[in-house]
Amino acid sequence: MPSAEMPIPQMPAPSQSEALLRLIADSVPALIAYYQTGTLKCQFANRGYAEYNGWTPQSILGKTVREAIGEAAWAVIEPQVRLVVAGETVKYVREQALPNGEQRVIEVNLIPHFQEQTQVGAFVLINDITTQWRAERALRDSEERMRKLAEATTEGIVFHNQGVVTDANEAMQRMLGYSLDELVGRRILDFVPETWRQTVIDYMAGSLEEPYEAAVLQRSGQEIPVEVVGKTLPFAGGTYRLAVLRDIRARKAAQERIEFMALHDNLTQLPNRLYLMERLESILALARRREATVATLFVDLDNFKLVNDTMGHHAGDSLLREVARRLKMAVREADVVARLGGDEFLIVLTDIASHDDAGVVAATVIEAVSVPVMIDAQAVSVSPSVGISVFPDDGQTADELIRHADAAMYRAKNFGRSNYQFFVPPGGTPGSAGHAGANAQR
566 MPSAEMPIPQ
576 MPAPSQSEAL
586 LRLIADSVPA
596 LIAYYQTGTL
606 KCQFANRGYA
616 EYNGWTPQSI
626 LGKTVREAIG
636 EAAWAVIEPQ
646 VRLVVAGETV
656 KYVREQALPN
666 GEQRVIEVNL
676 IPHFQEQTQV
686 GAFVLINDIT
696 TQWRAERALR
706 DSEERMRKLA
716 EATTEGIVFH
726 NQGVVTDANE
736 AMQRMLGYSL
746 DELVGRRILD
756 FVPETWRQTV
766 IDYMAGSLEE
776 PYEAAVLQRS
786 GQEIPVEVVG
796 KTLPFAGGTY
806 RLAVLRDIRA
816 RKAAQERIEF
826 MALHDNLTQL
836 PNRLYLMERL
846 ESILALARRR
856 EATVATLFVD
866 LDNFKLVNDT
876 MGHHAGDSLL
886 REVARRLKMA
896 VREADVVARL
906 GGDEFLIVLT
916 DIASHDDAGV
926 VAATVIEAVS
936 VPVMIDAQAV
946 SVSPSVGISV
956 FPDDGQTADE
966 LIRHADAAMY
976 RAKNFGRSNY
986 QFFVPPGGTP
996 GSAGHAGANA
1006 QR
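In the working numbering, the protein residues as written are 566 to 1007.
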């Protein structure tokens, strides 16, 4: 049984081909025209090109380029027309004012047409790129604003892709001590101290954007504490990370200074009562675990009020600063010297072998403090009275030990001052007073 054959499609007749070509040309968004080389007259124009220049597709035919586009446009593009007539392909972008006054941006392509190596005409293809041009200009303007902002700010800004530096502002270059050429292509982690690398890795891996603290390494090897804020930016089908780094050395120093002032005596720079209590409780906790012995020495200056009253507060302050220095010199680095207030100091001796060790230190303190101090060309002398309490025998807490050392200090004053006494509980047997010799005001 013969099979039915599919009919073979026939090519359109010439008139149909021309109509189809016209339909296609009028449907595309580009403006299309064809001009004869010798006369520069229009041989074809799609509806878009004709209407763009104020004609119909029929009325523009036979018009020269100059007539078709008008004197103003001709004055602008005449040099390009001469180039295409000379056989060159020309492409340029220019602004064009529409009859209604609207400004548009067009991309013009002038393409010579050759037959048997002879130029017979030129195609004109015009695309309205106003939207694209405005978007690109907005992007350029945005990038320029970002660049100016990045260069104006004091914060370091670095861009990186997968942890590899792609750009950095001048503040970032100054912070690290490297030029841009030296930074680009290097890993971010190359500029992060080992102790901070895991923190930075975690934040980059999680694309986190909340601020965090880290540190960076200068070329010199110095660590700079920084506050970091990261942002993820889409770019070229991928993502980039932007990191803003703020140098917080000044802030850290201010914080440390505030913390120091809160825990130290402003005059002598010694730990104050608050810091002393924290340290003493920690020392006692460690002593309990190790079954160690700790001594507290309560030091009060004899006749200090006389110095203040006769020579003024500035002399008293100078004397207190010198006494603080001598007390620190009289003990080990692991021991604590604190100022309780006024002319009262407390020394904590950590991990001593016996009560006798505390007595030896007390005698050293009395001897050191009793040496005259030169103030305003005058030798000023004070002597200390020292009271001693020992953990665990004389108390289990910081408060108990300080209170009992204070009581022992008053015993020392009752023994004639310039000596030390151990704490004696009520009903206990007084021990022998340790004397360093009387040292009256001179």
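The beta-carbon is built from N, C-alpha and C at its ideal position, and this holds for glycine as well.
A quick note: this is a predicted structure, and the numbers were derived from the prediction, not measured.
Beta-bridge annotation (DSSP): Pro-677 is paired with Ala-687. Between Thr-654 and Leu-690, the alpha-carbon positions lie close to 12 Å from each other. Taken in chain order, the complete alpha helix (DSSP H) segments of 4 or more residues contained in the region 613 to 661 are 630 to 634, 636 to 650.
Contact check between the region 732 to 748 and the region 777 to 784: three or more CB pairs, one atom from each, fall below 8 Å, which counts as touching.
Closest by C-alpha distance to Lys-796, out of Arg-816, Met-769, Ala-818, is Met-769. The Cβ atoms of Glu-778 and Ile-813 sit closer than 9 Å to each other. Counting C-beta pairs closer than 8 Å gives three or more between the region 909 to 928 and the region 886 to 897, which meets the contact rule. In this structure, Arg-751 places its C-beta atom within 9 Å of the C-beta atom of Val-729. Taken through DSSP and simplified to helix, strand or coil, Tyr-768 comes out as helix. Per the coordinates, the alpha-carbon of Ile-953 lies some 20 Å from the alpha-carbon of Asn-868. Taking each of His-725, Gly-721, Thr-731 in turn and checking the Cα distance to Gln-738, the smallest one comes out for Gly-721. In the structure shown, Gly-795 falls within a strand segment according to DSSP collapsed to helix, strand and coil. Per the coordinates, the alpha-carbon of Asp-874 lies some 50 Å from the alpha-carbon of Gln-787. Here the alpha carbon of Ser-883 sits roughly 18 Å from the alpha carbon of Val-864. Pairing Val-945 with Val-938, the inter-Cα distance amounts to about 5 Å. The residues Phe-724, Lys-796, Leu-798, in chain order, have a CB closer than 6 Å to that of Leu-807 in the same chain once the five nearest residues on each side in sequence are set aside. Residue nearest to Leu-885 within the set Asp-830, Leu-862, Gly-924 is Asp-830 (criterion: CA-CA distance).
The criterion of a C-beta distance shorter than 9 Å is not satisfied by Ala-850 and Thr-858. Per DSSP, Phe-869 is one residue of the alpha helix (DSSP H) stretching across 869 to 876.
Partner residues in the beta bridge of Met-939, as assigned by DSSP, are Ala-944. Residues Val-655, Leu-675, Pro-677, Ala-687 of the same chain have their beta carbon placed closer than 6 Å to that of Val-649, with the five preceding and five following residues left out of the count.
Taking C-beta separations shorter than 6 Å and ignoring five residues to either side along the sequence, the partners of Asp-591 in its chain run Asn-611, Arg-612, following chain order. 9 Å or more divides the Cβ of Asn-984 from the Cβ of Val-936. Distance between Leu-845 and Ala-736, taken at the CA atoms: about 46 Å. Boundaries of the beta strand (DSSP E) harbouring Asp-916: 909 to 917, taken from the DSSP string.
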